[in-house]
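Data block below; observations after.
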Amino acid sequence: MKKIPVIIDCDPGTDDAFAIALAKASGRLDIRALTPVSGNVGLEHTAPNALALNDYLALGVPVGKGADRPMIKERVINPATHGENGLGEVELPAPRCTFEEDPAWDVIYREAVAQKGELEIAAIGPLTNIAITLLKYPDIKPLIKRITMMGGAWGVGNSTPYAEFNIWIDPHACDVVFKSGIPITMVGLDATRQTFFTAEEMDRLLAPDCAISPLLRGIWEYTRAQKAREGRESGIILHDALAIAAIYCPEVIRTEPYFATCEVRGSLTEGQTVVDLPNRWKKEPNVDVAMSADKEKLYALLQEMVAFYQN
Amino acid sequence: MPVLLDVDTGIDDALALLYLLGEPRAKLLGITAMEGSVPLAQVARNTLAVLRLCGREDIPVALGAQKPLLGRFSPSGKVSIHGENGLGNVSIPDPVRRPAPCRAVELMARLIEESPERVTVVAVAAMTNLATFLLCYPHLKEKIEQLVLMGGAAWCRGNFSPVAEANIGRDPEAAQIVFSAGIPVKLAGLDVTYKAYVTAAERAAWRDCGTRAGRFAWEMFVHYAAFYEGAPGCALHDPLAAAWALDEALVKALPAHLEADLCGRYTRGATAVDVGGAKTGRPCNALVGVEVDREAFAHRLLAALRRLP
Chain A
1 MKKIPVIIDC
11 DPGTDDAFAI
21 ALAKASGRLD
31 IRALTPVSGN
41 VGLEHTAPNA
51 LALNDYLALG
61 VPVGKGADRP
71 MIKERVINPA
81 THGENGLGEV
91 ELPAPRCTFE
101 EDPAWDVIYR
111 EAVAQKGELE
121 IAAIGPLTNI
131 AITLLKYPDI
141 KPLIKRITMM
151 GGAWGVGNST
161 PYAEFNIWID
171 PHACDVVFKS
181 GIPITMVGLD
191 ATRQTFFTAE
201 EMDRLLAPDC
211 AISPLLRGIW
221 EYTRAQKARE
231 GRESGIILHD
241 ALAIAAIYCP
251 EVIRTEPYFA
261 TCEVRGSLTE
271 GQTVVDLPNR
281 WKKEPNVDVA
291 MSADKEKLYA
301 LLQEMVAFYQ
311 N
Chain B
312 MPVLLDVDTG
322 IDDALALLYL
332 LGEPRAKLLG
342 ITAMEGSVPL
352 AQVARNTLAV
362 LRLCGREDIP
372 VALGAQKPLL
382 GRFSPSGKVS
392 IHGENGLGNV
402 SIPDPVRRPA
412 PCRAVELMAR
422 LIEESPERVT
432 VVAVAAMTNL
442 ATFLLCYPHL
452 KEKIEQLVLM
462 GGAAWCRGNF
472 SPVAEANIGR
482 DPEAAQIVFS
492 AGIPVKLAGL
502 DVTYKAYVTA
512 AERAAWRDCG
522 TRAGRFAWEM
532 FVHYAAFYEG
542 APGCALHDPL
552 AAAWALDEAL
562 VKALPAHLEA
572 DLCGRYTRGA
582 TAVDVGGAKT
592 GRPCNALVGV
602 EVDREAFAHR
612 LLAALRRLP
């Protein structure tokens, strides 16, 4: 089967690391580039992390540095969840590869042109890089086959009562993406929350030794300790991994097409992805919204990933 | 002084362009265009035609945005002050060349990178091109000397909404990106541009100054002036921004904290100005124009038109 050419726009990020590892292990994705953006932690961490992951996972792809802040809002980061360094304090070997000279938006455009309409984008951080790409290159739209984004929620948020982190960080960028006319799959909290892996499940998943066990176990141990500090139920949601899985294994989520828009002006609702579930606005659907996820399927894909790195 | 100009030509844009072409202290490096009161193709045509009229076909023109950062322009539906062709329905010869085969932001980046000196950007349209440039090339911010913007209305009534001026009101998010970029901003808003008017007699002097540029300027303003009947003269919004870029002393301005309102139900697109940052404690990021030396301004314009072909 032909591999799907994909750019992973990311903010590694603990679940980003799992997601990128999964993308490589799947054998179904032709990763064309990593384009880090400021998000979970600042670009000063996410960009070097992307480089380090590129080497550690033997991706050998271009890494184009993206935005170091949201389009308009002030920058906010999330070091509690991801550790100061963004990878749960896991120290990867210093990378030998270097950044592309071109920034993320130029790398994305270049690849989109080269792939002649077949390129997909996995956007698993705030959407700043993608929005800047669309603003600089409005002609890119017919060249992107689909954007699969981890972000948003039609139900309950996490950063605020209504907003999911990636969108809340840069709602304006999400607005640009939603209005772009490019086919979009939105893998939001409504779906990712259904893939909560318990401590027991994570321990079982990561028990077999593999080439990247230090990374995977280090992240899981950081998260376990963090959850304990916060007195929350032990376990982890690998949000970004679900979005990656959805690209090559669509049955891992169930989607429905809706009109969706992003609230950029609200106070309590800022960053909310407003999905017109009841079709009140009678607008053409622009987003395939993940309504649910198949946790067992994702778990199986992650087990395959571990097996891949054992060889 | 190396200058980049962003326009949506437009009668007063055209006059701002004529001023910069006729001002020996200004070195106009290039022009970027965006959709405005007329479609982008017409903006391009007008800009290139004015350059041809002045024999300055060496100056590159590149096309940029056709809509604001987020979404669409809301059509005003009013009869445009700029006339159907954007130049007060005055016809001048069509340009013989086409716009540069690159994007507006790419032209800006190239010219700024190549300039040995820091560049002044004069922006007299909605701020979409400038904001996109700042998003794409944040490392070039330090090579920009100043941003001189026609836009906003700090305390006077707006012309887009009761409180918002059109260049800000049409793309408030772009304006906010520009205001908060950390580059010194001079804001020539309606507070001061309405005071920068020229009388019928002063315009007649353009006609009689002996150049085709002067004659063209006068002709365009026959249409424009009809919108200012009863006033002492017609306001030259965009040319004031261009002139202020060259002459600090032309405009009296207040240091202030400046933001574009993005969220108000009624105030979206308004320029919120806190003089000295006194009420909000926020840092001053702009000089907000309040008074103009009108006669000196009119004099400089006429002198510039005289120097053109």
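Note that the protein sequences, when read in sequence, are chains A and B. Be aware that the first sequence starts at 1, since it is given in my numbering, and climbs by one per residue. Be aware that the second sequence starts at 312, since it is given in my numbering, and climbs by one per residue. The beta-carbon is built from N, C-alpha and C at its ideal position, and this holds for glycine as well.
Can you find a CB in chain B that lies within less than 9 angstroms of the CB of residue i?
{"i": "A:Val76", "result": "no"}
{"i": "A:Ile132", "result": "yes"}
{"i": "A:Arg265", "result": "yes"}
{"i": "A:Ile248", "result": "This sequence places Tyr at residue 248 of chain A; Ile is not what is there. It does not; no Cβ of chain B falls within 9 angstroms."}
{"i": "A:Tyr137", "result": "yes"}
{"i": "A:Val287", "result": "no"}
{"i": "A:Lys295", "result": "no"}
{"i": "A:Pro103", "result": "yes"}
{"i": "A:His45", "result": "no"}
{"i": "A:Ile72", "result": "yes"}
So, helix, strand or coil for residue i, using DSSP?
{"i": "A:Ala94", "result": "coil"}
{"i": "A:Gln115", "result": "coil"}
{"i": "B:Pro410", "result": "coil"}
{"i": "B:Ser387", "result": "Because the pLDDT at B:Ser387 is just 48, under 50, the model does not fix this residue reliably, and the point stays unresolved."}
{"i": "B:Pro620", "result": "coil"}
{"i": "A:Arg32", "result": "strand"}
{"i": "A:Lys282", "result": "coil"}
{"i": "A:Asp9", "result": "strand"}
{"i": "A:Leu238", "result": "coil"}
{"i": "A:Leu277", "result": "coil"}
{"i": "A:Cys174", "result": "helix"}
{"i": "B:Leu374", "result": "strand"}
{"i": "B:Val318", "result": "strand"}
{"i": "B:Lys497", "result": "strand"}
Should residue i go down as buried or exposed, given a rule of 16 or more other Cβ atoms within 10 Å for buried?
{"i": "B:Val509", "result": "buried"}
{"i": "A:Gly64", "result": "buried"}
{"i": "A:Ala25", "result": "buried"}
{"i": "B:Asp549", "result": "buried"}
{"i": "A:Phe18", "result": "buried"}
{"i": "B:Gly388", "result": "Note that B:Gly388 scores 46 on pLDDT, short of 50, meaning its location in the model is unreliable and no value can be drawn from it."}
{"i": "B:Cys677", "result": "No answer is possible for residue 677 of chain B: it lies beyond the span of chain B, which begins at 312 and ends at 620."}
{"i": "A:Trp281", "result": "exposed"}
{"i": "A:Ser38", "result": "buried"}
{"i": "A:Asn279", "result": "exposed"}
{"i": "B:Asn478", "result": "buried"}
{"i": "B:Arg481", "result": "buried"}
{"i": "B:Pro386", "result": "For B:Pro386, the predicted model reports a pLDDT of 49, less than 50, meaning its position is unreliable; a value from the coordinates is still stated below. B:Pro386 should be labelled exposed."}
{"i": "B:Ala570", "result": "The sequence shown places Glu at residue 570 of chain B, not Ala. Buried is the call here."}
{"i": "B:Glu484", "result": "buried"}
{"i": "B:His568", "result": "buried"}
Say yes only if the C-beta of residue i is nearer than 8 angstroms to one or more non-hydrogen atoms of the ligand ATP, and no if none qualify.
{"i": "A:Gln272", "result": "This structure simply doesn't include the ligand ATP, nor any ligand for that matter."}
Within 9 angstroms (strictly less), CB to CB, does residue i reach chain A?
{"i": "B:Arg414", "result": "yes"}
{"i": "B:Ala376", "result": "yes"}
{"i": "B:Arg408", "result": "no"}
{"i": "B:Ser491", "result": "yes"}
{"i": "B:Leu460", "result": "no"}
{"i": "B:Pro386", "result": "For B:Pro386, the predicted model reports a pLDDT of 49, less than 50, meaning its position is unreliable and no value from the coordinates is stated."}
{"i": "B:Ile488", "result": "yes"}
{"i": "B:Pro449", "result": "yes"}
{"i": "B:Arg579", "result": "yes"}
{"i": "B:Glu425", "result": "no"}
{"i": "B:Gly382", "result": "yes"}
Quickly, what does DSSP pair residue i with across the bridge? List them, please.
{"i": "B:Gln457", "result": "B:Thr431"}
{"i": "A:Met186", "result": "A:Met149, A:Val289"}
{"i": "A:Pro257", "result": "A:Asp288"}
{"i": "B:Pro313", "result": "B:Lys338"}
{"i": "A:Thr198", "result": "A:Gly235"}
{"i": "B:Glu570", "result": "B:Ala583"}
{"i": "B:Gly394", "result": "Partner(s): none; B:Gly394 has no beta bridge."}
{"i": "A:Ile121", "result": "A:Ile7, A:Ile147"}
{"i": "A:Glu270", "result": "Answer by DSSP bridge pairing: none, since A:Glu270 is not bridged."}
{"i": "B:Gly600", "result": "B:Ala564"}
(message) I want to know whether the stretch 31-50 of chain A touches the stretch 109-127 of chain A - three or more CB-CB distances under 8 angstroms.
(response) yes
(message) Under 8 angstroms: do the stretch 98-105 of chain A and the stretch 78-90 of chain A share three or more Cβ pairs, one atom per stretch?
(response) no
(request) Check whether the stretch 226-233 of chain A touches the stretch 254-269 of chain A, counting contact only when three or more Cβ pairs, one atom from each stretch, lie closer than 8 angstroms. (result) no
(request) Count the CB pairs spanning the stretch 408-425 of chain B and the stretch 352-371 of chain B that are closer than 8 angstroms, and state whether there are at least three. (result) yes
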